[in-house]
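Below is one structure; the comments refer to it alone.
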Amino acid sequence: MMEPIALLVAATLSAGTPLALAALGLLVNERAGVVNLGAEGIMLVAAVAGFATAFHSGSTSLGIAAGALAGALLAAVLGGLVIWLNTHQGASGLALSLFGVGFSAFVGLGFVGKSLPPAPPLVLPVLSDLPWLGPALFRHHPMVYLTVALAVLLAWFLDRTRAGLVLRAIGESPESAHALGYPVRRIRLAALMAGGALCGMAGAYISVVYTPLWVEGMVAGRGWIALALTTFATWRPARVLLGAYLFGGVTMLQFHLQGVGVQVASQVLSMLPYLATIVVLALISRNPDWIRANMPASLGKPFHPGR
Amino acid sequence: MRIEARAEPSRLMAWLSPVLALAITVLVGVALFVLLGKDPVKGLLVFFHEPVRNVYALTELGVKATPLVLCALGLAACFRANVWNIGAEGQLVAGAIAGGGVALLATPETGRALLPLILVAGVLGGIAWAGIVALLRDRFNANEILVSLMLVYVAQLALSFLVHGPWKDPQGYNFPQTRMFVPEALVPVLVPSSRLHLGAPIALVAVAVTWVFMFRTFAGYQLQVGGLAPLAARYAGFSSRRALWTSLSISGGFAGLAGALEAAGPLGQLTPHVSPGYGFAAIIVAFVGRLHPVGIVLAALLMSMFYIGGELAQSRLGLPNALTGVFQGLLLVALLACDTLIHYRIRPGR
Chain A
175 MMEPIALLVA ATLSAGTPLA LAALGLLVNE RAGVVNLGAE GIMLVAAVAG
225 FATAFHSGST SLGIAAGALA GALLAAVLGG LVIWLNTHQG ASGLALSLFG
275 VGFSAFVGLG FVGKSLPPAP PLVLPVLSDL PWLGPALFRH HPMVYLTVAL
325 AVLLAWFLDR TRAGLVLRAI GESPESAHAL GYPVRRIRLA ALMAGGALCG
375 MAGAYISVVY TPLWVEGMVA GRGWIALALT TFATWRPARV LLGAYLFGGV
425 TMLQFHLQGV GVQVASQVLS MLPYLATIVV LALISRNPDW IRANMPASLG
475 KPFHPGR
Chain B
637 MRIEARAEPS RLMAWLSPVL ALAITVLVGV ALFVLLGKDP VKGLLVFFHE
687 PVRNVYALTE LGVKATPLVL CALGLAACFR ANVWNIGAEG QLVAGAIAGG
737 GVALLATPET GRALLPLILV AGVLGGIAWA GIVALLRDRF NANEILVSLM
787 LVYVAQLALS FLVHGPWKDP QGYNFPQTRM FVPEALVPVL VPSSRLHLGA
837 PIALVAVAVT WVFMFRTFAG YQLQVGGLAP LAARYAGFSS RRALWTSLSI
887 SGGFAGLAGA LEAAGPLGQL TPHVSPGYGF AAIIVAFVGR LHPVGIVLAA
937 LLMSMFYIGG ELAQSRLGLP NALTGVFQGL LLVALLACDT LIHYRIRPGR
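Going line by line, the protein sequences match chains A and B.
Under this note's numbering, the first residue of the first sequence carries the number 175, and numbering increases by one thereafter.
Under this note's numbering, the first residue of the second sequence carries the number 637, and numbering increases by one thereafter.
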């Protein structure tokens, strides 16, 4: 009885990792005051870029790096639109998502049906051989651990460093930050690109490590779920991690339920993550105090210097 | 170069911007054709000439423009009210499920009487699906962007469940689809030996109704003020809750109608893919059409050309159909960039 649970925990961590990575990236964006509705499109393009790179080079790490690069570049395009041309953040992100869906399908056409060899897990001495704990926690791809480290690092960066303070100030009141002499637009662009790179890593993780093959639209709404996670986490990195694993668990539960022979159609079980997102979003948004506590005050609003 | 705010928004640029955006998309398209080693002239002909070449081509243009117009009209009502419903695709699928469910009940004996019921069921299905978004926004303050989008996946999975399970055609060689609807339950075709159906004139009536509602009724006015100036609307005592429910009902109703028309029209049955992303393309149609009913018709015809051009590019030039999605996305990105010129002008110098 112990072993299946250990495997479920392991699968949950693995499934939660791309959600956590993307949501941490979006958290950086939103703390700087920019909503990135292009996450889904960025993740898809990064997924195909990562897959293509890993397919031709044979290197998982290069694949993930390519995903990060693709993500940062697409985010820079979004930045040019929303930061310099002051286009509507929601509409522009949405446009990027629609573009990403089409573009990834177009570029990925040559890879449909191709797959990569499974990425080997990082085997740690002693820890990986522990009974129960080993298979559950210590036989994962390095990205799983990196994501946890990243959440800790991000929490420290936002709360304990001067640069983090500046980033948050720009998200709260870009006018004040501008008056103090900070280059608001450049910092917002940097935040957007950093977030885009994380979304890109998440996308590449999906196509290179998590399910190492290319299927059109394989991100399957994870970009949107990650957007919901930042609200769920009320913009706190540790809660993002918690939320991502919770959703990873919900995703895994469907396979687990099918595995133990629960008589429910697969399509109904596949609805679970989406329904869970809706329910969680409704419950958390219900209390305005929770939302307002950490929500960047200028979230989604354009900034015009000198006006 | 320097970007400078205009004293007031330019009306000329508001209508010129979509044309500019289309020009940019075409230029990128030409570059893409060259890059892929295809003749760009042939590429352009496939997208912009073939779909309007003869009567049959024009009827096909109308077939694809119909759901786009319907979905975009509702989305425009939402966007004007500052309600960010992006789940028209899900509302369309919900309408197709509801309408298709009624159509499956039809037999030769029930006759034509059931057809209006099919369409009404589609409208109600769409409204119910959009109503979930309105309810969660109204009662729980849940972000409508995310909820409406999540409901797209849920609707698609529900449809997939039905056609794989309870509604599967027993004589369908195990394909995931319902049986064909009886001829009496199908939307009448307008032009013989084409697929252009009654949905097209219905969509044009919807255009007129939406125009009157938006620009000639007090409720439509309230809705728009709520979107443009929420504080002014509140001061005037206009209910933002009513604007939310109204705009989402319009959107859900029209998208649901589009879904029922697709199911009982060109498809004649339910399959897992009732829509090649009409609900998402309609977002682009709404923006390119300047959220105006008449503009939406023109934009829907353009988007319909993209769909047909993509299919032809696949069969004639050996290019992937996914090209349609690339051009659609590109058009919206270019449009948003060009829209900057409505509020700003570009001056040389620093």
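Positions of the beta carbon are idealized from the N, C-alpha and C atoms, including for glycine.
Please read all numbers here as calculations on a predicted model, not as lab measurements.
Mind checking if Gln441(A) is an interface residue toward chain B, Cβ cutoff 8 Å exclusive?
Residue numbering aside, residue 441(A) sits at position 267 when the first sequence is read from its first letter. Yes, because at least one Cβ of chain B sits closer than 8 Å to the Cβ of Gln441(A).
List the residues of chain A whose Cβ lies closer than 7 Å to the Cβ of Gln633(B), in chain order.
Nothing in the structure corresponds to residue 633(B), since chain B is present only between 637 and 986.
Within the continuous alpha helix (DSSP H) that includes Glu346(A), where are the two ends?
Taking the first residue of the first sequence as position 1, residue 346(A) is located at position 172. Arg336 to Glu346 is the span of the alpha helix (DSSP H), which, as asked, contains Glu346(A).
Scan the segment 226-279 of chain A and note each continuous beta strand (DSSP E) run of 3 residues or more that stays entirely inside, going in chain order.
none
Contact list for Ala269(A) against chain B, beta-carbon separation under 7 Å
In the first sequence, counting from the first residue as 1, residue 269(A) sits at position 95. Gly965, Leu968, Val969 and Leu972, listed in chain order.
So Arg773(B) is in the alpha helix (DSSP H); what residue range does that whole segment cover?
The sequence position of residue 773(B) within the second sequence is 137, counting from 1. Here the alpha helix (DSSP H) through Arg773(B) covers Leu750 to Phe776.
Return no unless some Cβ of chain A is closer than 8 Å to the Cβ of Ile838(B).
Indexing the second sequence from 1 puts residue 838(B) at position 202. Ile838(B) does not count as touching chain A.
When the Cα of Leu663(B) is compared with those of Leu652(B), Gly679(B) and Met649(B), which residue comes out closest?
Working through the second sequence from its first residue, we reach residue 663(B) at position 27. Checked all of Leu652(B), Gly679(B) and Met649(B); the closest Cα to Leu663(B) is Gly679(B).
Return yes when the C-beta of Ala196(A) is under 7 Å from any heavy atom of the ligand ADP, and no when it is not.
As far as ligands go, the structure on display features none, and thus does not contain the ligand ADP.
Spatial neighbours of Ala839(B) within its chain, please: C-beta separation below 7 Å, excluding the five flanking residues on both sides.
The sequence position of residue 839(B) within the second sequence is 203, counting from 1. Taken in chain order, the residues that qualify are Thr702, Val705 and Leu706.
Residues of the segment 382-396 of chain A with a CB closer than 9 Å to any CB of chain B: list them in chain order, please.
The residues in question are Glu390, Ala394 and Gly395.
Would you verify that the beta carbon of Asn260(A) is, or is not, closer than 8 Å to some beta carbon of chain B?
To locate residue 260(A), count along the first sequence from 1; it is residue 86. Yes, its Cβ sits closer than 8 Å to a Cβ of chain B.
Compute the beta-carbon to beta-carbon distance between Leu711(B) and Ala918(B), rounded to the nearest angstrom, for a pair I have assumed lies under 8 Å.
In the second sequence, the residue the question calls residue 711(B) occupies position 75. In the second sequence, the residue the question calls residue 918(B) occupies position 282. Right, the Cβ-Cβ distance comes to about 6 Å (below 8 Å), so this counts as a contact.
Counterpart residues of Ala641(B) in DSSP-defined beta bridges:
Locating residue 641(B) in the second sequence gives position 5, where the first residue counts as 1. Paired residue(s): Tyr980(B).
From the DSSP output, in three-state form, read off Ser472(A) for me.
Start at 1 with the first residue of the first sequence, and residue 472(A) comes out as number 298. Coil at Ser472(A), not helix or strand.
Under 7 Å Cβ to Cβ from Pro821(B), same chain only, skipping five residues before and after it: list those, please.
Along the second sequence, read from residue 1 onward, the residue named residue 821(B) stands at position 185. It is worth fixing the name first, because residue 821(B) is Ala in this sequence and not Pro. For Ala821(B), where only same-chain residues beyond five positions count, the Cβ hits under 7 Å are Ala739, Ala742, Leu750, Leu751, Ile754 and Ala900.
For chain B, find out if any of its Cβ atoms is closer than 8 Å to the Cβ of Pro294(A); answer yes or no.
For the purposes of this step, residue 294(A) is taken as residue 120 along the first sequence, with counting starting at 1. For Pro294(A), the answer is no, since every Cβ of chain B falls outside 8 Å of its Cβ.
Assign Leu193(A) to buried or exposed, taking buried as 16 or more other Cβ atoms, counted over all protein chains shown, within 10 Å of its Cβ.
Within the first sequence, numbered from 1, the residue matching residue 193(A) stands at position 19. Counting every other CB atom within 10 Å of its CB across the protein chains shown gives Leu193(A) a total of 16 or more, marking it as buried.
Quick check on DSSP: helix, strand or coil for Val827(B)?
Mapped onto the second sequence, residue 827(B) falls at position 191. In the three-state reduction of the DSSP assignment, Val827(B) falls in the coil class.
Rounded separation between Leu431(A) and Val183(A) - CA only
As a first step, residue 431(A) must be located in the first sequence, where it is residue number 257. As a first step, residue 183(A) must be located in the first sequence, where it is residue number 9. Near 14 Å, if we compare the C-alpha coordinates of Val183(A) and Leu431(A).
In whole angstroms, give me the CA-to-CA distance for Glu346(A) and Trp409(A).
Here residue 346(A) is taken as the residue at index 172 of the first sequence, counted from 1. Here residue 409(A) is taken as the residue at index 235 of the first sequence, counted from 1. Near 13 Å, if we compare the C-alpha coordinates of Trp409(A) and Glu346(A).
When DSSP labels each residue in this structure, what does Leu387(A) get in the three-state scheme?
Taking the first residue of the first sequence as position 1, residue 387(A) is located at position 213. Annotated three-state conformation of Leu387(A) is strand, per DSSP.
Residue span of the alpha helix (DSSP H) that contains Gly1042(B), given as start and end:
With chain B covering only 637 through 986, there is no way to say anything about residue 1042(B).
Within its chain, find whatever has a CB closer than 6 Å to the CB of Ala766(B); leave out the 5 residues flanking it on each side and keep chain order.
Taking the second sequence and counting its residues from 1, the one referred to as residue 766(B) is at position 130. Here the set comprises Gln727, Leu884, Ser887 and Gly888.
Do the segment 369-377 of chain A and the segment 216-235 of chain A touch if we need at least three Cβ pairs shorter than 8 Å?
Verdict: yes, contact present.
Same chain, Cβ closer than 7 Å to Val382(A), five either side skipped, listed in chain order:
Along the first sequence, one-based indexing puts residue 382(A) at 208. Correct list, in chain order: Gly224, Phe225, Ala228, Thr234, Gly237, Ile238, Leu290 and Ala293.
Hey, does Ala778(B) have any beta-carbon neighbour from chain A nearer than 8 Å?
Within the second sequence, residue 778(B) is the residue found at index 142, counting from 1. Interface residue, yes.
Same chain only: Cβ atoms within 6 Å of Gln860(B), ignoring 5 sequence neighbours per side:
One-based indexing of the second sequence puts residue 860(B) at position 224. Correct list, in chain order: Arg716.
Who pairs with Ser289(A) in a beta bridge, going by DSSP?
Stepping through the first sequence from its first residue, residue 289(A) is reached at position 115. Leu387(A), per the DSSP bridge assignment.
Is the beta carbon of Gly276(A) less than 8 Å from the beta carbon of Thr960(B)?
In the first sequence, the residue the question calls residue 276(A) occupies position 102. In the second sequence, the residue the question calls residue 960(B) occupies position 324. Closer than 8 Å, so yes.
Is the Cβ-Cβ distance between Leu893(B) and Trp398(A) less than 8 Å?
What you label residue 893(B) is simply residue 257 of the second sequence in a count that begins at 1. What you label residue 398(A) is simply residue 224 of the first sequence in a count that begins at 1. The beta carbons of Leu893(B) and Trp398(A) sit no closer together than 8 Å.
Would you kindly work out how many angstroms separate the C-alpha atoms of Asn210(A) and Asp774(B), rounded to a whole number?
Counting from one through the first sequence, the residue named residue 210(A) turns up at place 36. Counting from one through the second sequence, the residue named residue 774(B) turns up at place 138. Answer to the nearest angstrom: the Cα atoms are 24 Å apart.
Starting from the beta carbon of Ser796(B), find every residue of chain A whose beta carbon is closer than 8 Å, and list them in chain order.
Stepping through the second sequence from its first residue, residue 796(B) is reached at position 160. Within 8 Å Cβ-Cβ: Gln441.
Please state whether DSSP places His352(A) in a helix, a strand or coil.
Here residue 352(A) is taken as the residue at index 178 of the first sequence, counted from 1. In the three-state reduction of the DSSP assignment, His352(A) falls in the helix class, which pools H, G and I.
Kindly give me the distance between the Cβ atoms of Val814(B) and Gly736(B), rounded to whole angstroms, as I take these residues to be in contact under 8 Å.
Mapped onto the second sequence, residue 814(B) falls at position 178. Mapped onto the second sequence, residue 736(B) falls at position 100. The sequence shown places Thr at residue 814(B), rather than the Val named in the question. Between Gly736(B) and Thr814(B) the Cβ distance is about 7 Å, and since that is below 8 Å, they are a contact.
Compute the beta-carbon to beta-carbon distance between Glu696(B) and Ile978(B), rounded to the nearest angstrom, for a pair I have assumed lies under 8 Å.
The count along the second sequence starts at 1 and reaches residue 696(B) at position 60. The count along the second sequence starts at 1 and reaches residue 978(B) at position 342. The beta-carbon distance between Glu696(B) and Ile978(B), rounded to whole angstroms, is 34 Å. This is too long to meet the 8 Å contact definition.
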